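Protein chains in written order, with this note's numbering: chain A, 330 to 464; chain B, 71 to 145.
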């Protein structure tokens, strides 16, 4: 996989982190909701990098393809990426549950669900990008 | 490395066979055996070992025995 795809995936996840930092800082520090407009910048970066990392590369389509339409090499790539993604995703979820168990004010909300869902959908493609395999 | 283990790689002459058969393109071969072009590229580069089924299908396209295209090479 091309180096620019790896860069796009890294930028995509960094912008996601910025979106979350802004959201939780505003929420936990009870700042004015006006600051949420700052989300627009990382959201735009996230959308653009998503286009390069997953849409243009065909990876989004690839990881959401039906198993029946994949050939044997593609099935192997998808199997390996999903297996690795599962490990990362489970680790992330367990870490979150641990953090929520420690702090009193549990910040589980709809945003948590959305970003976990986003990660779960993009991780298999990201793993393929980092694995350097062509699809 | 474990003592006594012989490393054997699966090699192939797929590229030569494509050119010997009317310069068949990777895309055309891929379509004939119902895989993606990237899979043919990966096989030619030795990055992917095809299943017995796929190897036989490729051999059938070129009307030869599978061993004429795919062979083992000791490292």
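Virtual Cβ for every residue (Gly too), placed ideally from N, Cα, C. From a predicted model like this one, the values you see are computed outputs, not experimental measurements.
Span separating the alpha-carbon of residue i from that of residue j
| i | j | result |
| --- | --- | --- |
| residue 471/A | residue 365/A | Outside the shown range of chain A (330 to 464) lies residue 471/A, about which nothing can therefore be said. |
| residue 399/A | residue 109/B | 11 Å |
| residue 125/B | residue 418/A | 36 Å |
| residue 464/A | residue 336/A | 18 Å |
| residue 424/A | residue 446/A | 16 Å |
Neighbour flag for residue i against chain B, beta carbons, 8 Å
| i | result |
| --- | --- |
| residue 444/A | no |
| residue 403/A | yes |
| residue 457/A | no |
| residue 463/A | yes |
N-terminal and C-terminal residue of the alpha helix (DSSP H) that residue i is part of
| i | result |
| --- | --- |
| residue 124/B | 122–132 |
| residue 416/A | 401–431 |
| residue 334/A | 332–357 |
| residue 441/A | 439–460 |
| residue 392/A | 388–392 |
One or two residues paired with residue i in a DSSP bridge
| i | result |
| --- | --- |
| residue 143/B | 79/B |
Residue i at chain A interface by Cβ criterion, 8 Å
| i | result |
| --- | --- |
| residue 112/B | yes |
| residue 71/B | In this prediction, residue 71/B has a pLDDT of 46, which is less than 50 and means its spatial position is unreliable; nothing more can be read from the coordinates. |
| residue 124/B | yes |
| residue 140/B | no |
| residue 136/B | no |
| residue 86/B | no |
Inter-residue CB distance, residue i and residue j (contact presumed, cutoff 8 Å)
| i | j | result |
| --- | --- | --- |
| residue 454/A | residue 383/A | 5 Å |
| residue 91/B | residue 132/B | 6 Å |
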